[in-house]
Structures are given as structure tokens and as C-alpha cells.
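Peer 1: Below you'll find the structure I mean.
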Amino acid sequence: MFNVDLDPDHPGFHDRSYRARRDQIARIADSYAGDGAIPDAPYTAAEHAVWRTVTTALAPLHRRFAAREVQAMLGRFPLATGHIPQLAGVSARLRAASGMRLRPVAGLIGAREFLAALAADTFLSTQYIRHASRPWYTPEPDVIHELVGHAASLADPRVAALSRSFGRAALRASEAELSAIERVYWFTLEFGLVRDAGEVRAFGAGLLSSVEEIERGVLHTEHRAFDLDAIAATEYSPADLQPQLFVAPGVEDMFNRTSEWLGRFGG
Ligand SMILES: [Fe+2]
């Protein structure tokens, strides 16, 4: 039996049916051997409604705040809007687009495990969705974050290549090097900003998947120059709103400089 621990202040802590579903979804991750289609998660109608609510709210925010290159990626890799897409179908499409695939995990995992999997073309993805009582909030990554934030960019061969570089670097890294690599991942693919036709716009998955963070990240955080050694020395807290972010001069520039920086670690 697989039981998912939730904190007492988690919005789903007292919801027995949500917790049973989380346990069931965790068992899918636990028993999935990595070949064949990922079993479908048993989402409820209320959970599909959460997906609709959040994706409907994000669409105009993407148009206003996301980098145009990201909007193009989202356009090339559309996701269902009426219901939560199952990981199996998204993974098969990713495989065809860039060679990446999804593999379910039961929850947040360590940086080395997450990053190292990227070297093997594998993006470790949660499958559950946040609790329906709080559609705007999740204390942990969920399927909205993984799919709305990451899937379209992982389908882009340049992001897939950069992700593999992160993975190769993490495989060889010492503990100190790993925390530098993890921070660079965080401030680029998760929370990176880019300059786009004179404006600062959102690039990273954590911004694209959060109604709360996208506008705040673009308009109301401290913006710092894109200096990878400075990024590597900057701590972050995954559970809090981000007080400062780094702005790359452009998407291509972010890819090139990050990839060169990862080369030091064998990325
Ligand atoms: Fe993420």
C-alpha cells in the first residue's frame, strides 16, 4: 500500500477521496517500469474543472506576459483545454517532437534524480492535480505545472538538448556543483525571464503555469542581469514567491550561454 504524506495545512489534508486518489496515482508512479504507456490517472469531474479554470485564466496572461517564442512553442504543442490530458498521450507526442518522454513520479524528488533523468531523455512528472478547493494555489508541483509549464518547451529540440545538458552535468557533479546546477536550472527553465522586443517577458515553466507568479515575475520582482556565476550563487525557495529573477537578453542567448556554462561540468 502506498500512502502519500500531506502536511496538515495542505488543502487536501482532510479530503479522504482526494487522498485516496493521490495514493492511487502514487502507485502508478511506483509500479511504472518505464516501458509502455503510462496508466491513466483517475481524475474526477471537479479536477477536470480545475484544469479548465486554471488554463482559461492563464491563456490571456500568456498572451500578455509570455515571451513570443514561448507562445509559439505553446501554439505548436497545444494541450486539451476541456479536461486534464493524460501523461501517456503527452509523452508520446513529446517523443515524436524532440525525443523526450515523461515518466510519472509520486511527488517532489531530489535535484540529482530529477536532473540526471533528463540525460536519459526523461522528464520526471507528477500526475496528480492540486486540490479543487484552491485552484490558484499548490504547495507542490502538479500536473498543471508539468504540462502547462514544461511540455511545450520540452517539445522544442533546443530545450530538449539543453535539458539533456543539465542532466549530463548533474550526473557528474559534486554536491556543491549540483547546487549550482540546480540554481541555474531554476532561474532559467523554471523561472527565467527574457528580453523580447524591448520588454521583459516570461520564459520559465514556473511562471507559465502560475496565475500568481507570471505577472508578478514580469512586473513586480527585482530583475537582475543574466550572469550565470551570479545565478549559480543565488539561493531560492521553491515554496515561496520569487523575490528576484534574472533576465536573459533573449531566448537563444539564454540557451547558448547556459549550455556553454554547463559545458564546464561535462554537460
Ligand atoms: Fe518545473
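Quick note: the sequence shown uses my numbering, first residue -16, plus one each step. Ideal placement from N, C-alpha and C gives every residue a C-beta, glycine not left out.
Just to check, is the beta-carbon of Gly189 closer than 7 angstroms to a non-hydrogen atom of ligand 1?
Peer 2: Position 206 of the sequence shown, counted from the first residue, corresponds to residue 189. Indeed, a heavy atom of ligand 1 lies less than 7 angstroms from the Cβ.
Peer 1: What does the Cβ neighbour count give for Leu91, buried or exposed, with the cut at 16 atoms within 10 Å?
Peer 2: Here residue 91 refers to the residue found at position 108 when the sequence shown is read from its first residue. Flag for Leu91 reads exposed.
Peer 1: What number of angstroms, rounded off, separates the C-alpha of Ser81 from the C-alpha of Leu137?
Peer 2: Position 98 of the sequence shown, counted from the first residue, corresponds to residue 81. Position 154 of the sequence shown, counted from the first residue, corresponds to residue 137. Their backbone Cα atoms lie some 7 angstroms apart in a straight line.
Peer 1: Which word fits Leu191, buried or exposed, when buried means at least 16 other C-beta atoms lie within 10 angstroms of its C-beta?
Peer 2: As a position in the sequence shown, residue 191 is number 208, starting the count at 1. That one is buried.
Peer 1: Is DSSP giving Val126 helix, strand or coil here?
Peer 2: Walking along the sequence shown from the start, residue 126 turns up at place 143. It is helical.
Peer 1: Quick check on this structure: which residue in Ala134, Asp104, Arg199, Trp34 has the alpha carbon closest to the alpha carbon of Thr64?
Peer 2: Here residue 64 is taken as the residue at index 81 of the sequence shown, counted from 1. The shortest Cα separation from Thr64 among Ala134, Asp104, Arg199, Trp34 belongs to Trp34.
Peer 1: Go ahead and label Trp244 buried or exposed: buried means 16 or more other beta carbons lie within 10 angstroms of its beta carbon, across all protein chains shown.
Peer 2: Counted from its first residue, the sequence shown places residue 244 at position 261. By the neighbour-count rule (16 or more Cβ atoms within 10 Å), Trp244 is buried.
Peer 1: Select from Gly175, Asp212, Gly181 the residue whose C-alpha is nearest the C-alpha of Pro226.
Peer 2: Your numbering for residue 226 matches position 243 in the sequence shown. The candidate whose alpha carbon is nearest that of Pro226 is Gly175.
Peer 1: Got a sec? Which residues, its chain only, sit under 7 angstroms from Ile214 by beta carbon, not counting five neighbours each side?
Peer 2: Start at 1 with the first residue of the sequence shown, and residue 214 comes out as number 231. Correct list, in chain order: Arg166, Val167, Phe170, Phe229.
Peer 1: How is Pro87 classed by DSSP in three states: helix, strand or coil?
Peer 2: Locating residue 87 in the sequence shown gives position 104, where the first residue counts as 1. Reduced to three states, the DSSP call for Pro87 is strand.
Peer 1: Out of Ala153, Pro25, Ala79, which one is the CA nearest neighbour of Leu100?
Peer 2: If you number the sequence shown from 1, residue 100 lands on position 117. The amino acid at residue 100 is misidentified as Leu; the sequence shows Ala. It is Ala153 whose Cα lies nearest to the Cα of Ala100.
Peer 1: For Arg240, which residues from the same chain have a beta carbon less than 8 angstroms from its beta carbon, with the 5 sequence-adjacent residues on both sides left out?
Peer 2: Translated into positions along the sequence shown, residue 240 becomes position 257. Answer for Arg240: Phe209, Leu211, Ala231, listed in chain order.
Peer 1: Using DSSP with H/G/I as helix, E/B as strand and the rest coil, what is Phe248?
Peer 2: Taking the first residue of the sequence shown as position 1, residue 248 is located at position 265. Three-state DSSP puts Phe248 in coil, outside helix and strand.
Peer 1: Count the other C-beta atoms from every protein chain shown that fall within 10 angstroms of the C-beta of Ala16, then say buried if there are 16 or more, exposed otherwise.
Peer 2: Within the sequence shown, the letter at position 33 stands for residue 16. Exposed, by the Cβ-count rule.
Peer 1: What are the start and end residues of the alpha helix (DSSP H) that includes Thr36?
Peer 2: On the sequence shown, residue 36 is found 53 positions in, with the first residue counted as 1. Here the alpha helix (DSSP H) through Thr36 covers 28 to 48.
Peer 1: Leaving out five residues on either side along the sequence, give the residues of the same chain with a beta carbon under 7 angstroms from the beta carbon of Thr204.
Peer 2: Numbered from 1 along the sequence shown, position 221 holds the residue referred to as residue 204. Counting only Cβ-Cβ distances below 7 angstroms, and skipping sequence neighbours, we find Gln225, Pro226, Gln227, Leu228.
Peer 1: Considering just the uninterrupted stretch of the beta strand (DSSP E) at Glu205, what are its terminal residues?
Peer 2: Locating residue 205 in the sequence shown gives position 222, where the first residue counts as 1. Its beta strand (DSSP E) spans residues 205 to 208.
Peer 1: What's the gap between the Cα of Leu85 and the Cα of Arg207?
Peer 2: As a working note, residue 85 is residue 102 in the sequence shown. As a working note, residue 207 is residue 224 in the sequence shown. Their backbone Cα atoms lie some 32 angstroms apart in a straight line.
Peer 1: State the DSSP-derived secondary structure class of Ser108, mapped to helix, strand or coil.
Peer 2: Along the sequence shown, one-based indexing puts residue 108 at 125. Reduced to three states, the DSSP call for Ser108 is strand.
Peer 1: Here's the rule: buried if 16 or more other CB atoms are within 10 angstroms of the residue's CB, otherwise exposed. What is Phe(-4)?
Peer 2: The residue you call residue -4 lines up with position 13 of the sequence shown. With fewer than 16 Cβ atoms within 10 Å of its Cβ, Phe(-4) is classed as exposed.
Peer 1: Between which two residues does the beta strand (DSSP E) carrying Phe(-4) extend?
Peer 2: The residue you call residue -4 lines up with position 13 of the sequence shown. Taken as a continuous stretch (DSSP letters only), Phe(-4) belongs to no beta strand (DSSP E), as it is neither H nor E.
Peer 1: Taking 7 angstroms as the cut-off, is the beta-carbon of Glu52 closer than that to any non-hydrogen atom of ligand 1?
Peer 2: Numbered from 1 along the sequence shown, position 69 holds the residue referred to as residue 52. Not so, every heavy atom of ligand 1 lies at least 7 angstroms from the Cβ.
Peer 1: Does Asp179 pass the burial test, meaning 16 or more other C-beta atoms within 10 Å, or should it be called exposed?
Peer 2: Working through the sequence shown from its first residue, we reach residue 179 at position 196. Asp179 comes out buried.
Peer 1: Tell me whether the beta-carbon of Leu161 lies closer than 8 angstroms to the beta-carbon of Ala94.
Peer 2: Counted from its first residue, the sequence shown places residue 161 at position 178. Counted from its first residue, the sequence shown places residue 94 at position 111. The answer is yes: Cβ separation under 8 angstroms.
Peer 1: Is Gly150 close to ligand 1? I mean its beta-carbon at under 7 angstroms from any heavy atom of the ligand.
Peer 2: Looking up residue 150 in the sequence shown gives position 167. Not under cutoff, so the answer is no.
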